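In the UniProt record's numbering, the protein residues as written are 1 to 335. Every residue gets a Cβ at the ideal spot worked out from N, C-alpha and C, and that includes glycine. Being a predicted model, the structure only gives us computed values, none of them experimental. So the structure is just underneath, and the comments pick up after that.
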Amino acid sequence: MTAPHATVRPTDADHLDESAADLPTELLNLPWIDPHNHAHTLSWEDRERYALAGCRSMVMVSSGYHWTPYKPVEASDIRFLWDDAINRRRAIERNHFFEAKLSLGVHTGVRIENPDELLDAMDDYCALDEVVAVGETGVTPSQHVERWDLDEQQAVVEAQMALAADHDLPVLLHTPNTTPDAKREYRDDLGVTPGYEKNAGLGTEPVLDGENLALEAVKRDVAAARDAGLAEERVVASHADANNTEYLMTETDCYLSYTIGHSWLVGVDAADVADAIDEYGPERVMIDTDTANVLRTDPYAVKRAIFELYRYGIDIDDIRTVVYENPRDVFGLAE
């Protein structure tokens, strides 16, 4: 017997196939890990948003020149950033209930005076239980304020990779992105697009030559890892994009982490991740947010991507592999 209509007239609901409504409710509670952010620089409310969205663990990267007021940067400035993150990490865990681990490194986006001081000290930092990775680091085509010689950069990157190999730690690479074309240019006096508090006009001329400087930098990073004796599967190429995915997937054993926390800037989103999974499988794919207090980013980005990947046709098991199992296993994070 057909149930009577409670509505005045039939609605859309009367024409839908109820048998097709198999909702993936497990996605609502799927744990996820952010393997690259700068959440220690965020507000309390932003870190709480991570917790509300179901973040299980995160790797907070204290490598970054954005928070040092002096240019060029001295080794002591970077050491201060490391110590600040170490000092605040446990309070962040107690406040928000997710596991917060650290990655410490020497970023080459600005020239650092006396980098050997940092490399000498890094051995002790790498031995700390809370440090689960080295980086972010990697050859950078252009620096902020003052150029850093290419050979010197690569030596610093390789030395960090050697330390990572000694301590059996993965390395987070900063792979330069190729920014998509803007729909319309902003005023020249605004510098980089609103949403990134960086004095973009202070960038230097590139230290690399060639048509594809971003990809050349990644290739140099992979060469540095090989020379340092660091297994490629211990390298996580963060900020993966269409410019470097094919090379990394077909010519290396590195993991790729797609930064989707500021898609408006780098043009990478869940659709790119879904395409990579379709073509190469989920086994070496991760997602990160790269949230930072100098950048308009989204603490909910991974949670949103979980739903988007399902909508794009990615299997639930593959989603779990990408957002939880891969970063858990590579960085040795909580079960």
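Identity of the residue in the options nearest residue i by Cα
i	options	result
residue 178	124, 326, 255 and 140	140
residue 82	71, 60 and 92	60
residue 174	227, 134, 205 and 28	134
residue 131	190, 91 and 58	58
residue 207	34, 315, 80 and 109	109
residue 223	211, 203, 190 and 247	247
residue 138	33, 314, 158 and 249	158
residue 38	73, 17 and 86	86
residue 333	285, 281 and 129	129
residue 120	33, 160 and 241	160
residue 205	13, 238, 147 and 198	147
residue 323	312, 95 and 282	282
residue 165	280, 115, 229 and 6	229
residue 144	184, 189, 198 and 106	198
residue 232	217, 255 and 56	255
residue 67	306, 293, 331 and 297	293
residue 32	163, 142, 17 and 287	287
Assigned secondary structure, residue i (DSSP; H/G/I helix, E/B strand, else coil)
i	result
residue 321	helix
residue 27	helix
residue 66	helix
residue 273	helix
residue 335	coil
residue 248	helix
residue 291	coil
residue 174	strand
residue 208	coil
residue 280	helix
residue 185	coil
residue 202	helix
residue 18	helix
residue 99	strand
residue 316	helix
residue 9	coil
Span of the beta strand (DSSP E) around residue i
i	result
residue 55	55-61
residue 238	235-238
residue 256	255-259
residue 136	131-137
Within-8 Å CB hit, residue i to chain C
i	result
residue 313	Here chain C cannot be found, since the structure has a single protein chain.
Start and end residues, alpha helix (DSSP H) containing residue i
i	result
residue 125	115-126
residue 76	75-96
residue 223	213-228
residue 327	326-331
residue 263	263-266
residue 50	44-52
residue 306	301-311
residue 107	Neither: residue 107 is in no alpha helix (DSSP H) and is coded neither H nor E.
residue 36	Segment 32-37 is the beta strand (DSSP E) holding residue 36; no alpha helix (DSSP H) there.
residue 165	150-167
Same chain, Cβ closer than 7 Å to residue i, neighbours up to 5 away in sequence not counted
i	result
residue 299	46, 49, 50, 53, 289 and 291
residue 263	269
residue 100	58, 60, 89, 92 and 93
residue 301	260, 261 and 289
residue 125	82, 104 and 131
Burial state of residue i, where buried means 16 or more other Cβ atoms lie within 10 Å
i	result
residue 127	exposed
residue 252	buried
residue 15	exposed
residue 303	buried
residue 11	exposed
residue 70	exposed
residue 338	The structure shown does not extend to residue 338, since the chain spans only 1 to 335, so no value can be given for it.
residue 43	exposed
residue 97	exposed
residue 186	exposed
residue 245	buried
residue 236	buried
residue 406	What is shown of the chain runs 1 to 335, which leaves residue 406 out entirely.
residue 326	buried
residue 9	exposed
residue 194	exposed
residue 102	buried
residue 13	exposed
residue 136	buried
Residues of its chain near residue i, where Cβ-Cβ distance is below 6 Å and the 5 sequence neighbours each way are ignored
i	result
residue 150	207
residue 196	295
residue 40	60, 85 and 88
Chain-order list of residues whose beta-carbon lies under 8 Å from that of residue i (same chain, five-residue window excluded)
i	result
residue 243	177, 178, 212, 214 and 215
residue 310	24, 27, 316 and 319
residue 153	108, 139, 140 and 207
residue 73	65, 110, 111, 112 and 113
residue 271	308 and 312
residue 29	54
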